[in-house]
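The next block holds one structure in the form of structure tokens; read it before the comments.
Residue numbers (our numbering): 3 to 500.
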């Protein structure tokens, strides 16, 4: 057994943990970081590098007006007031100062933008400049952990935190497994920032009723995200909150679908399924206005309500030719040329590799035979949809007439799509000081949570990303990590002086 002492122990060296370490050191705390993975920033590869900020000087310089009060109200309306308003308010009103803090700590933020340029979005995404492979989120974690180590923090990799140590209801440390050796870190403050349970198939099945990898696709390959922080907090008496996968959009899974690093699923075929053409479920029925498919989180919620939690995107040869000559109408994340000139070859390659979610069909009957979509339902839907296209009015969902393209010229191109997610969020109830509370809303002395484990500002049972205020997930990780670091250090140093 190895035993060491610190002021603040941080479980998880991701976005929240790295920021917590720097913040705690700024207040004079001795810091230990425990990271389950072999490297830091493993799960940060799923960050897009977008950090929420409201009322920043960068917005003002660009003529962008994002009042903090307005952003706070929008965030609370989005989650239907299912979370602690004092926590959300502190996040929103402190976000501009945190952007300045990042700049002061050497980060570069060259871009302020919306997510998809929809009219109802505010430009709140402050996009970190990457240094080397990956998005800016990776750079932030790597640089902050390096800086923390230079300033005296101890980092333990391949280290799985197992248990919170307590004495008379107060935190006194953490017990962990460090490469087969029992590691005990005695400390009055512990910050849990272990990243949720996104790779835990059993928890996903039991709590969220998805089959991981079958009808829900995780946007990274890091198996260490098993809900360790949640389980330790709950065992210590923490109050549970709403939690679940943060549905980020939709993907085609299976062989042949591989995009640019660090993402797993974004390439030209991904662009195909973002177009505003015909979408149906397994019964052959439309279920949404396809002009809205760029609001990916909301569309994910709609897909979740369909049979088998999947949907099908269908278009014909005319639309294929449009993609080749005019290019994509929509693209959230573009990899390569927007003009898709070899769609048949790309799809045929996937099919040869055994992909069961990509189809080239010669008729509606063939679509039904290959995909399992109900033929009668599909036939009725296509007939009705084509009539809307001819009339120039969608009488079912009111789709913009510019996107009413009939389905009547074989071949037909079909993609079966499922939801994807960056990871899970929520699970641990905190107060505005990032302190973990119990079922009576009393503070568990010395215990703090940040990042995904305590990310509750998106709502309750099915937390939905707020695309109108982009950057909220990484922004929460950074802001909550910073706030937790300050609070944990203050508490620990006060305890040290007793």
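Even for Gly, the Cβ is constructed at its ideal location relative to N, Cα and C. On a predicted model such as this, the values are computed, not experimentally measured, just so you know.
With 16 other Cβ atoms within 10 Å as the buried cut-off, status of residue 3: With a 10 Å radius around the Cβ and a threshold of 16 neighbouring Cβ atoms, residue 3 comes out exposed.
C-alpha distance - residue 34 paired with residue 310, whole-angstrom precision: Cα to Cα, residue 34 sits roughly 45 Å from residue 310.
CB of residue 383 within 9 Å of CB of residue 286, strictly: Their beta carbons are under 9 Å apart, which means residue 383 touches residue 286 by this criterion.
Spatially closest choice to residue 349 from 478, 375, 259, by CA coordinates: Residue 259 is the option with its Cα nearest to residue 349.
Distance between beta carbons of residue 282 and residue 252, contact taken as under 8 Å: In this structure residue 252 is not in contact with residue 282, their Cβ atoms being roughly 14 Å apart against a cut-off of 8 Å.
Pairwise C-alpha distance: residue 322 and residue 385: Distance between the alpha carbons of residue 385 and residue 322: 20 Å.
Residue range of the unbroken alpha helix (DSSP H) whose run includes residue 21: Looking at the DSSP string, the run of the alpha helix (DSSP H) that includes residue 21 is 17-28.
Residue 231 beta carbon less than 9 Å from that of residue 480: No, the pair does not count as a contact, with Cβ atoms beyond the cut-off.
At least three beta-carbon pairs within less than 8 Å, the segment 187-197 to the segment 17-27: Yes, the segment 187-197 is in contact with the segment 17-27.
Any non-hydrogen atom of the ligand COA within 8 Å of residue 217 CB: By its list of ligands, the structure shown contains no ligand whatsoever, and the ligand COA lies outside what it can speak to.
Enclosing alpha helix (DSSP H) for residue 270 [first to last residue]: Residue 270 -> alpha helix (DSSP H) spans 270-274.
Residue closest to residue 455, alpha-carbon to alpha-carbon, out of 204, 427, 489: Of the candidates 204, 427, 489, the one whose C-alpha sits nearest the C-alpha of residue 455 is 427.
For residue 476, the first and last residue of its enclosing beta strand (DSSP E): Note, residue 476: premise wrong, no beta strand (DSSP E); alpha helix (DSSP H) at 474-498.
Top-ranked residue by Cα proximity to residue 180, from 100, 13, 81: Each of 100, 13, 81 was checked against the Cα of residue 180, and the nearest Cα belongs to 13.
With 16 other Cβ atoms within 10 Å as the buried cut-off, status of residue 401: Buried.
Span of the alpha helix (DSSP H) around residue 147: Start and end: 138-152.
Alpha-carbon spacing of residue 172 relative to residue 212, whole angstroms: One C-alpha to the other measures close to 37 Å.
Same chain, Cβ closer than 6 Å to residue 505, neighbours up to 5 away in sequence not counted: Residue 505 cannot be examined here, being either before or after the span of the chain that is shown, 3 to 500.
Residue span of the alpha helix (DSSP H) that contains residue 320, given as start and end: From DSSP, the alpha helix (DSSP H) with residue 320 extends over 319-327.
Residue 250 - DSSP class collapsed to helix/strand/coil: In this structure, residue 250 counts as strand in the three-state DSSP scheme.
Unbroken stretches of the beta strand (DSSP E), 3 residues or longer, contained in the segment 167-231: Within the segment 167-231, the complete beta strand (DSSP E) runs of at least 3 residues are 172-180, 183-188, 191-194, 218-220.
Through-space distance from residue 305 to residue 238, alpha-carbon basis: The C-alpha of residue 305 is placed about 36 Å away from the C-alpha of residue 238.
Span of the alpha helix (DSSP H) around residue 67: Boundaries cannot be given for residue 67, as no alpha helix (DSSP H) includes it and DSSP labels it neither H nor E.
Residue 78 to residue 94 span [Cα, whole Å]: Looking at the backbone, the Cα of residue 78 and that of residue 94 are separated by about 11 Å.
Of the residues 137, 37, 154, 80, the one placed nearest residue 123, counting alpha carbons only: For residue 123, the nearest C-alpha among the options comes from 80.
With 16 other Cβ atoms within 10 Å as the buried cut-off, status of residue 302: With 16 or more other Cβ atoms within 10 Å, it is buried.
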